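Contents: one structure, followed by commentary.
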């Protein structure tokens, strides 16, 4: 089983949402539709599928979470931030359109993400509000996480600071992608808690794995510069724990994530397969 | 009558919302609580007051619209955008904290604005969704307006292009401030339309007046650099129409705005006084 149908589905809806957005359309389309693994929307779809939820009710959330992710990449790549020139094997947004339009495209994408959720007619106002509460909070945490990330450059930090930073910078939006799927499915509070634990495990695992892949993966596969964190003197898991211990750490988190899924009130095969695929990803 | 009690009210709530927001707290407080006329929240409060609406139901909207405005000022001042070093008579956010933290504080404020609305327990989910639809749309238009603004620097444009740009860049959020007050008050569709026309008149009047004040007002009163638009070779109303014709234009828009208010199903004295005070502002 693979999850390409979710990718196709979210891409189609993203393209529709970005088809007629005035003067920012071209810049936003360039950054959003040029690639990306769509891991966050896939998570949202997969969780909703696990509960037998109508996929038409999931599209807006899947798009919204990806739009937030896309805006964060545009802003993170800016010279004042991580100063990365390549993203998805093409010039970063600010290299293609200039810094001003890149900042504004990011700003516009954030607003659009929330508008997409607020205007989705498939869901009740009550569910939409729950989704918006989750996504606005995650988006805020993500910005704060990036702020912490920049503040620790060239500094000696311990693993708890690194973990807190990653929890906000990467984990918050990944957890939210899972939570959106749970909220749309209106699943019971036990299942919500199990999914919350699952999402925190895979959120941290994903980031540690990213740090490992950043060291091991060639640039053309990664779609961005290899070893860029170390060159920027950013603290990473491999730098703090060593490469092998980091691999063990993220693999054990994926195992914990999968074991937790056994407690769900519904069959978790679909989510387990996704978790295995994540663990085996090469970039 | 003055409207200082609204300013005090929104400042108090903004300070509460910004009291415990992690590592971005200091940067956000610096920019949001350092001054500003609070014109947008005052509009929201004044419209709601006109319909006898409980002010406790208005605070979140008043804060949200100001948080969006505050984020836009932080991003607009960036070197890649308008490159302004002074805001509210103090160093602009990026001069005080660096560009990266300024970008992230702006990003965080945008997310927080929507979170404040989504989590406001004073309003039903249905009303909150209506407010979020209005504010997300306005925030998107605002970003697009700034994008158009930057694209017309040093270009010869006609008045219709200038008007469209201002309608999005400044008008959309001002109109939204009025609309939020109307939506919270759940006023009838005729009144909503009258307020829509009113908000469009004052939105454009306010911007033309800003262009005029930018030429006429000393820096210490303006709280930012005088004549900065002309120095940046941005098209302005005084540059296109002349100073006197621009004054006549904005004053006639304020008159039109006030006349329209007579059609409301409720007494409009409060909103008229606010409009007169706006017209007489010195900065």
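Residue numbers (my numbering), protein chains in the order written: chain E, 30 to 312; chain F, 30 to 312.
No residue lacks a Cβ here, since even glycine has one placed at the ideal position from N, Cα and C.
Just so it is clear, the structure is predicted and the values come from calculations on it, not from any experiment.
- Where residue 226 of chain E is concerned, the enclosing alpha helix (DSSP H) starts and stops at 218 to 245.
- The beta carbon of residue 129 of chain E falls within 9 angstroms of a beta carbon belonging to chain F, placing the residue at that interface.
- Boundaries cannot be given for residue 87 of chain E, as no alpha helix (DSSP H) includes it and DSSP labels it neither H nor E.
- Any Cβ of chain E closer than 9 angstroms to the Cβ of residue 177 of chain F would place that residue at the interface, and such an atom is present.
- Here the C-alpha atom of residue 257 of chain E lies approximately 28 angstroms from the C-alpha atom of residue 303 of chain E.
- A direct Cα-Cα distance of roughly 12 angstroms separates residue 167 of chain E from residue 101 of chain E.
- Listed in chain order, the non-local C-beta contacts of residue 118 of chain E below 6 angstroms within the same chain comprise 252, local neighbours out to five positions each way being set aside.
- Non-local beta-carbon contacts of residue 290 of chain E in its own chain, meaning distances under 8 angstroms to residues more than five positions away in sequence, involve 223, 227, 297, 300, 301 and 304 in chain order.
- Looking at the DSSP output, residue 119 of chain E bridges to E:116.
- In the DSSP assignment, residue 151 of chain E falls outside any alpha helix (DSSP H) and carries neither an H nor an E.
- If you draw a straight line from the Cα of residue 56 of chain E to the Cα of residue 124 of chain F, it comes to about 27 angstroms.
- Per DSSP, reduced to three states, the secondary structure at residue 48 of chain E is coil, with no helix or strand assignment.
- Only those residues of the stretch 42 to 55 of chain E whose C-beta falls short of 7 angstroms from the nearest C-beta of chain F are listed: 51, 52 and 53.
- Cβ atoms of residue 89 of chain E and residue 146 of chain E come within 8 angstroms of each other, at about 6 angstroms.
- Counting along the chain, the unbroken alpha helix (DSSP H) around residue 273 of chain E starts and ends at 272 to 290.
- When the five nearest sequence neighbours on each side are left out, the beta carbons in the same chain lying within less than 7 angstroms of the beta carbon of residue 63 of chain E are those of 117 and 119, in order along the chain.
- Cβ neighbours of residue 217 of chain E within its own chain (closer than 8 angstroms, five residues either side excluded): 294.
- With respect to the C-alpha of residue 93 of chain E, the residue from E:111, E:128 and E:203 having the closest C-alpha is E:203.
- Taking a cut-off of 8 angstroms for Cβ pairs, the stretch 33 to 48 of chain E and the stretch 106 to 113 of chain E do not touch, as fewer than three such pairs fall below it.
- Chain-order list of chain F residues neighbouring residue 151 of chain E: empty, with the shortest C-beta distance near 13 angstroms, by a criterion of under 8 angstroms.
- Nothing from the stretch 66 to 90 of chain E brings a Cβ to less than 7 angstroms from some Cβ of chain F.
- DSSP places residue 186 of chain E outside both helix and strand once states are collapsed to three, so it counts as coil.
- Interface with chain E (9 angstroms Cβ-Cβ cutoff): residue 308 of chain F is excluded.
- C-alpha of residue 197 of chain E to C-alpha of residue 280 of chain E: approximately 21 angstroms in a straight line.
- If you draw a straight line from the Cα of residue 287 of chain E to the Cα of residue 192 of chain F, it comes to about 57 angstroms.
- At least 9 angstroms separates the CB of residue 202 of chain E from every CB of chain F.
- When secondary structure is reduced to three states using DSSP, residue 193 of chain E falls in the helix class.
- Per DSSP, residue 200 of chain F lies in no alpha helix (DSSP H) segment and is marked neither H nor E.
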